[in-house]
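Engineer: I'd like to ask some things about the structure below.
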Amino acid sequence: MQTLTFVFSFYFSLSTAFYFHVGEREEKCIIEDIPSDTLITGTFKIQQWDIHRQDFLESAPGLGMFVTVTTYNDEVLLSKLYGPQGRFYFTSHSPGEHIICLESNSTRLVSFGGSKLRIHLEIRVGQHDLDAAIAQAKDKVNEVSFKLEHLIEQIEQIVKEQNYQRDREENFRMISEDTNGNVLWWAFAQTLIFISIGIFQMKYLKDFFIAKKLV
């Protein structure tokens, strides 16, 4: 079960496709946890969606999408304005979580009343485009060669992802051990404090009884 869970989550991280709704000038962000030196490819398409009719509308002219990619250290890897559909690329410089934000430049949704933008987004981690390379291949040998290179690239990405997950697991284990050690010492300190308070109370009561000549 753990193996199946790992494989499922891994393939989900390699290729993620979904859609979401946004309003005018509304920003949506997703977080991708990726290794270093990894190519990220994002493909998006904007459609105007009528909430009441549950149908698509004709997109407003000049509709576009701001795409911004930053790390948790506020390093900007990409900041660009695209059209109603497009593809963006960036390469991670360091391992960790990367924030991908998309914001529409539209200010004309109010005229449609109750419409939103539906953004179809696909994120691919560590995968180069293969269709274009195959289309340019002049014979079957080149086509097979491109497919083989693509397969080798995917295997290398899997190995890189596994190494990254192994490093994360090791860091988590070290943090857990340090936390457990701190909890143990805190429990030991609490025990000493309780014993000291008990001894002090007993001594105080004894001195009180002696002062009152009750013993």
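Taking mature numbering (1 follows the signal peptide of the UniProt record, and there is no 0), I'd label the letters of the sequence shown as residues -17 to -1, 1 to 198.
Beta carbons: idealized from backbone N, C-alpha and C, even for Gly.
Only a predicted model underlies this, so the values are computations on that prediction, with no experimental measurement involved.
If we call anything under 8 Å between Cβ atoms a contact, is F27 one with V52?
Structural biologist: Residue numbering aside, residue 27 sits at position 44 when the sequence shown is read from its first letter. Residue numbering aside, residue 52 sits at position 69 when the sequence shown is read from its first letter. It is not a contact, given that the beta carbons lie outside the stated cut-off.
Engineer: Start and end of the beta strand (DSSP E) containing R70?
Structural biologist: In the sequence shown, counting from the first residue as 1, residue 70 sits at position 87. R70 -> beta strand (DSSP E) spans 68 to 74.
Engineer: Using DSSP with H/G/I as helix, E/B as strand and the rest coil, what is Y2?
Structural biologist: The sequence position of residue 2 within the sequence shown is 19, counting from 1. DSSP places Y2 in strand when its eight states are reduced to three.
Engineer: Just to confirm before moving on: does the CB-CB distance between L104 and F177 stay below 8 Å?
Structural biologist: On the sequence shown, position 121 is the one that residue 104 refers to. On the sequence shown, position 194 is the one that residue 177 refers to. No, the Cβ-Cβ distance between L104 and F177 is not below 8 Å.
Engineer: Give the range of the beta strand (DSSP E) segment to which L64 is assigned.
Structural biologist: On the sequence shown, position 81 is the one that residue 64 refers to. Where L64 is concerned, the enclosing beta strand (DSSP E) stretches over 59 to 65.
Engineer: For S179, does the three-state DSSP call read helix, strand or coil?
Structural biologist: Against the sequence shown, residue 179 aligns to sequence position 196. Note: S179 maps to helix in three-state DSSP.
Engineer: Which same chain residues, not among the five before or five after P78, have their C-beta less than 6 Å away from its C-beta?
Structural biologist: Translated into the one-based positions of the sequence shown, residue 78 becomes position 95. Hits under 6 Å: P18, S19, Y147.
Engineer: What residue range is occupied by the uninterrupted beta strand (DSSP E) comprising S87?
Structural biologist: Counting from one through the sequence shown, the residue named residue 87 turns up at place 104. That run of the beta strand (DSSP E) goes 79 to 87.
Engineer: Output needed for G45: all residues of its chain with C-beta closer than 6 Å, excluding positions within five of it in sequence on either side, in chain order.
Structural biologist: Stepping through the sequence shown from its first residue, residue 45 is reached at position 62. There are no such residues.
Engineer: How many Å lie between E160 and Q137 at the Cα?
Structural biologist: What you label residue 160 is simply residue 177 of the sequence shown in a count that begins at 1. What you label residue 137 is simply residue 154 of the sequence shown in a count that begins at 1. Rounded to whole angstroms, E160 to Q137 spans 34 Å at the Cα level.
Engineer: Cβ atoms of R107 and T54: under 8 Å apart, would you say?
Structural biologist: On the sequence shown, position 71 is the one that residue 54 refers to. On the sequence shown, position 124 is the one that residue 107 refers to. Going by C-beta atoms, T54 is not nearer than 8 Å to R107.
Engineer: Roughly how many angstroms separate the alpha carbons of I193 and L175, rounded to a whole number?
Structural biologist: Looking up residue 193 in the sequence shown gives position 210. Looking up residue 175 in the sequence shown gives position 192. Those two C-alpha atoms are separated by around 27 Å.
Engineer: Considering only DSSP beta bridges, list what residue 236 is partnered with.
Structural biologist: The chain is shown from -17 up to 198; residue 236 falls before or after that span and cannot be answered.
Engineer: Go ahead and label G66 buried or exposed: buried means 16 or more other beta carbons lie within 10 angstroms of its beta carbon, across all protein chains shown.
Structural biologist: As a position in the sequence shown, residue 66 is number 83, starting the count at 1. Under this definition G66 is an exposed residue.
Engineer: Could you work out which residue in R70, L60, T(-2) is closest to M48 when comparing CA atoms only?
Structural biologist: Mapped onto the sequence shown, residue 48 falls at position 65. For the residues R70, L60, T(-2), the minimum Cα distance to M48 belongs to R70.
Engineer: Rounded to whole angstroms, what's the CA-CA distance from residue 272 to K196? Just pull it up for me.
Structural biologist: Absent from the structure is residue 272, since the part of the chain shown begins at -17 and ends at 198.
Engineer: Whose CA, out of R8, Q145, F171, lies closest to the CA of G109?
Structural biologist: By one-based count along the sequence shown, residue 109 stands at place 126. For G109, the nearest C-alpha among the options comes from Q145.
Engineer: Below 7 Å CB to CB, which residues in the same chain sit around L61 once its five sequence neighbours on both sides are set aside?
Structural biologist: Position 78 of the sequence shown, counted from the start, is the residue given in the question as residue 61. V50, T51, V52, F71, F73, listed in sequence order.
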